[in-house]
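Student: I'd like to ask some things about the structure below.
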Amino acid sequence: MSSELVLLLRLAGPLQSWGDRSVFNRRETRPEPTKSGVLGLLAAAQGRPRTQSPEDLAELRFGVRVDQPGSLLHDYHTVSDYRGVPLRQAGVNAKGEQKPTSPVKTTHVTHRYYLQDAVFVAAVAGPAPVMTALAEAVRRPAYPLALGRRSCPPTQPLVLKLDERDMETALTEYPWQADHATRQRLRRRHNGELPPRVDLSATLEDPEGTDVAQDVPLSFAPGQRRFATRRVRHTWLTTPTEATKTSSTPTTPHDPFALLGW
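Its first residue numbered 2, the sequence shown is counted upward by one per residue in my numbering.
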């Protein structure tokens, strides 16, 4: 087995939301999964507390392929403090603390954005023992997993494979994961025949990349979340379209809620 492996994950579900700089009353989503969001999913699978440093995970390399971009959903919310105390506004003072609302408000309007019906293939690369342990953790997670937010559970399968090839090759050669309706639309554009390969956009972590993403987690601790930047490269991958039957169901069923008596 190679000294390094690439863990391929299928990130799909009714809703996903991958925020990076969104705070307070407006929670936006990036058009594709962030490194911090996917590493947070892996940390939850391992049962890590939020206060544990993600430094070791942050050293892993990350890439993502857009198999089905989905569409943007805007969800309108109102929120109040359960104690009935006045809420704070989105603006902050010089110390980084939220300013009180003026005039005083007890209810806020919040705007939250999601990706609906999107499908991504994410790649996380690192030392073989680490990636093997992470793959097993995702198959038998300690905590429920989510696609960016707790309200966004993933569909199965999550783990696609552990690949010994480099990240770009692994993402290029793994078959297209789009749903039936998307595949049918492609067939109609090609006279009823599915072409052997399809071009998909991808973003790869690359020290020589021309763009910068601020999604490297330094701390997941509540109230102390911090992120660093990384360089990325945007590209197109020509991927085979044939479907592959892949299952990540473990031999022994595992229910993360069983420990809670649910």
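Each residue gets a CB set at the ideal place from its N, CA and C atoms; glycine is no exception.
(1) Secondary structure at Thr-133, three-state DSSP: helix, strand or coil?
(2) Is there contact between the region 75-91 and the region 40-47, where contact requires at least three CB pairs shorter than 8 Å?
(3) Which of the three DSSP states, helix, strand or coil, is assigned to Ala-229?
(4) Compare the C-alpha of Pro-176 against each of Val-199, Met-132 and Arg-28 and name the closest.
(5) I need the boundaries of the alpha helix (DSSP H) containing Asp-57, first residue and last residue.
(6) Can you grab the Cα-Cα spacing for the pair Glu-33 / Val-65, in whole Å?
(7) Please identify the residue among Thr-107, Glu-5, Pro-158 and Val-67 whose C-alpha is closest to the C-alpha of Arg-84.
(8) Let's test the definition: count the other Cβ atoms within 10 Å of the Cβ of Leu-135 and tell me whether it reaches 16, buried, or not, exposed.
(9) My parser needs the beta strand (DSSP E) runs of 3 or more residues fully inside the region 17-99; what are they?
(10) Tell me which same chain residues have a C-beta within less than 6 Å of the C-beta of Thr-239, skipping the five on either side of it?
(11) Using 8 Å for Cβ pairs, my map puts Gly-149 next to Gly-38. What's the rounded Cβ distance?
(12) If we ignore side chains and look at the alpha-carbon of each, how far apart do Phe-221 and Glu-137 end up?
(13) Classify Glu-169 as helix, strand or coil using the three-state DSSP reduction.
(14) If distances are taken between C-alpha atoms only, which option among Arg-184, Glu-174 and Arg-151 comes closest to Gly-41?
(15) Using CA coordinates, which residue listed in Asp-118, Val-131, Val-105 and Gln-69 is at the minimum distance from Glu-60?
(16) What would DSSP say about Arg-234, mapped onto helix, strand or coil?
(17) Among the residues of its own chain, which have a CB less than 7 Å from the CB of Arg-51, if the five just before and after it don't count?
(18) Quick check: what's the CA-CA separation for Leu-159 versus Tyr-114?
(19) Thinking just about the alpha-carbon of each residue, which of Ala-13, Asp-57, Ala-95 and Glu-243 is nearest to the one in Ala-126?
(20) Is the beta carbon of Ala-123 sitting closer than 7 Å to the one on Gln-17?
(21) Rounded to the nearest angstrom, what separates Thr-156 and Asp-180 at their Cα positions?
(22) Just to confirm my understanding: we take Ser-72, look at its own chain, exclude 5 residues before and 5 after, and list those with CB closer than 6 Å. What are they?
(23) Within 10 Å of its beta-carbon, does Gly-14 have 16 or more other beta-carbons around it, so buried, or fewer, so exposed?
(24) If you check the beta carbons only, do Ala-182 and Ser-4 fall under 7 Å apart?
(25) Could you check what DSSP says for Glu-174 in three-state terms: helix, strand or coil?
(26) Go through the region 174-218 residue by residue and report every complete run of the beta strand (DSSP E) that reaches 3 residues or more, in order.
(27) Helix, strand or coil: which one does DSSP assign to Ala-143?
Tutor: Quick look at the numbers:
(1) helix
(2) no
(3) strand
(4) Val-199
(5) 56-59
(6) 8 Å
(7) Thr-107
(8) buried
(9) 62-69, 72-81 and 89-93
(10) Arg-198 and Asp-200
(11) 5 Å
(12) 22 Å
(13) helix
(14) Arg-151
(15) Val-131
(16) strand
(17) Phe-221, Ala-222 and Pro-223
(18) 23 Å
(19) Asp-57
(20) no
(21) 12 Å
(22) Gln-117
(23) buried
(24) no
(25) helix
(26) 198-206
(27) coil
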